[in-house]
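Asks: I have a structure I would like to understand better, so I am pasting it below and will then ask my questions one at a time.
Number of protein chains: 2
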Amino acid sequence: MPYEKKIPVDLDCPLRLTMSLIESKWKSCILDELRSGDTMRPSEIHKCLPEAAPRVLDIQLKEMVEDGLVAKTIFPELPPRSEYQITELGKSLLPIIDSMLQWGEKHFDIFEKKYGNK
Amino acid sequence: MPYEKKIPVDLDCPLRLTMSLIESKWKSCILDELRSGDTMRPSEIHKCLPEAAPRVLDIQLKEMVEDGLVAKTIFPELPPRSEYQITELGKSLLPIIDSMLQWGEKHFDIFEKKYGNK
DNA sequence: TCATATACCGAAAAATTTTTCGGTATGCTA
DNA sequence: TAGCATACCGAAAAATTTTTCGGTATATGA
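Going down the list, the protein sequences come from chains B and A.
Everything in the first sequence is counted per my numbering, starting at 150 for the first residue and increasing by one.
Everything in the second sequence is counted per my numbering, starting at 150 for the first residue and increasing by one.
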């Protein structure tokens with residue numbers, strides 16, 4: 150296989166399971182982008198997360214589809230077109246994403262001061 | 150430096166900030182272990198997380214102390230003794246840990262079926 | 001005396017993830 | 001016709017994290 154995780158998800162404990170689904174660098178951001186429920190094309194997602202290497206987004210989107218967090222529709226056209234949309238399972242993670250977002254906003258200044266502008 | 154993260158935390162966005170504080174393999178579990186507020190000695194933590202290599206726990210505990218999630222008390226004795234305790238900042242992450250734990254419990258069977266027992 | 005336990009560190013190896021680069025195929029526009 | 005965009009893939013390089021191993025120091029128990 151081209152690129153594949155050794156262990157798809159961590160079944161050792163429920164906490165590690167949830168973490169393993171979202172801990173890759175951009176997965177939580179992808180869920181956040183898709184939160185509205187609207188479909189997004191890959192190129193849009195890339196535009197919204199310009200710091201992410203396009204290849205990682207491909208890989209992580211693929212894993213999220215495999216994990217059932219995101220659904221993919223491929224249109225058999227040329228040039229190719231496809232769309233991604235958050236699933237119900239993916240939506241059920243949004244409260245977690247929200248609370249992390251809020252926590253980060255609330256405590257941002259602590260870490261800004263501590264680690265910020267090098 | 151012996152072992153050090155390139156970038157301590159991710160200040161690009163609040164969501165990535167929160168993720169970067171807990172996404173290392175065992176940090177969320179460490180917070181979960183320390184949740185009661187009682188102090189724990191390193192050897193206890195190691196016993197509670199036997200699958201983690203002791204060295205990673207050392208490293209990750211040290212980072213969590215640096216990040217302010219955990220407090221450390223060193224007793225100047227021999228043989229050495231030290232204690233770790235969750236801080237208020239660390240406690241403020243517990244609702245997130247809780248919701249991940251609950252999510253994992255609720256959806257465990259999906260992933261068990263999908264990826265489980267090889 | 002020898003083994004064990006304690007807490008931690010450094011170095012190097014191994015594993016994993018992320019990034020970079022190049023390639024596929026085709027339609028549109030200049 | 002040339003260049004660009006689209007969506008994706010493979011391979012390899014780079015970066016990062018995790019693991020393994022060995023070492024520090026001293027007290028206790030066999």
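The beta carbon of each residue, even a glycine, is placed where N, CA and C say it ideally should be.
Any beta carbon of chain A sitting closer than 8 Å to that of R184(B)?
Replies: Start at 1 with the first residue of the first sequence, and residue 184(B) comes out as number 35. Taking Cβ atoms only, chain A never reaches closer than 8 Å to R184(B), which makes this a no.
Asks: Return the CA-CA distance between D181(A) and F224(B), expressed in angstroms with no decimal places.
Replies: Taking the first residue of the second sequence as 1, we reach residue 181(A) at position 32. Taking the first residue of the first sequence as 1, we reach residue 224(B) at position 75. Going by the C-alpha atoms only, they are around 44 Å apart.
Asks: Using CA atoms only, rank isn't needed, just tell me which of D187(B), C178(B), F257(B), D216(B) is closest to P199(B).
Replies: For the purposes of this step, residue 199(B) is identified with residue 50 of the first sequence, where counting begins at 1. When each option's Cα is compared against that of P199(B), the closest is C178(B).
Asks: Comparing C-alpha positions only, which one of A202(B), C162(B), L206(B), I235(B) sits nearest to T188(B)?
Replies: Here residue 188(B) refers to the residue found at position 39 when the first sequence is read from its first residue. Cα-wise, what sits closest to T188(B) is I235(B).
Asks: Thinking just about the alpha-carbon of each residue, which of P163(B), K176(B), L166(B) is nearest to the one in S169(A)?
Replies: On the second sequence, residue 169(A) is found 20 positions in, with the first residue counted as 1. Comparing Cα positions, the closest option is K176(B).
Asks: Pull up the DSSP beta-bridge partners for A220(B), would you.
Replies: Residue numbering aside, residue 220(B) sits at position 71 when the first sequence is read from its first letter. In DSSP, A220(B) forms a bridge with Q234(B).
Asks: Can you give me the Cβ contacts of G122(B) inside the same chain, cut-off strictly under 8 Å, excluding the 5 residues immediately before and after it?
Replies: Chain B is shown only over 150 to 267; residue 122(B) falls outside these bounds and no answer can be derived.
Asks: Quick one: give me the first and last residue of the alpha helix (DSSP H) that R165(A) is part of.
Replies: For the purposes of this step, residue 165(A) is identified with residue 16 of the second sequence, where counting begins at 1. That run of the alpha helix (DSSP H) goes 163-171.
Asks: Does G253(B) pass the burial test, meaning 16 or more other C-beta atoms within 10 Å, or should it be called exposed?
Replies: Start at 1 with the first residue of the first sequence, and residue 253(B) comes out as number 104. Result: buried.
Asks: Alpha carbon to alpha carbon, how far is L160(B) from F260(B)? Give it in angstroms, no decimals.
Replies: For this step, residue 260(B) is matched to residue 111 along the first sequence. For this step, residue 160(B) is matched to residue 11 along the first sequence. Looking at the two C-alpha atoms, the distance is approximately 32 Å.
Asks: Which residues in the same chain have their Cβ closer than 7 Å to the Cβ of R165(B), if we skip the five residues on either side of it in sequence?
Replies: Position 16 of the first sequence holds residue 165(B). Once the five neighbours on either side are set aside, the close Cβ partners of R165(B) are D159.
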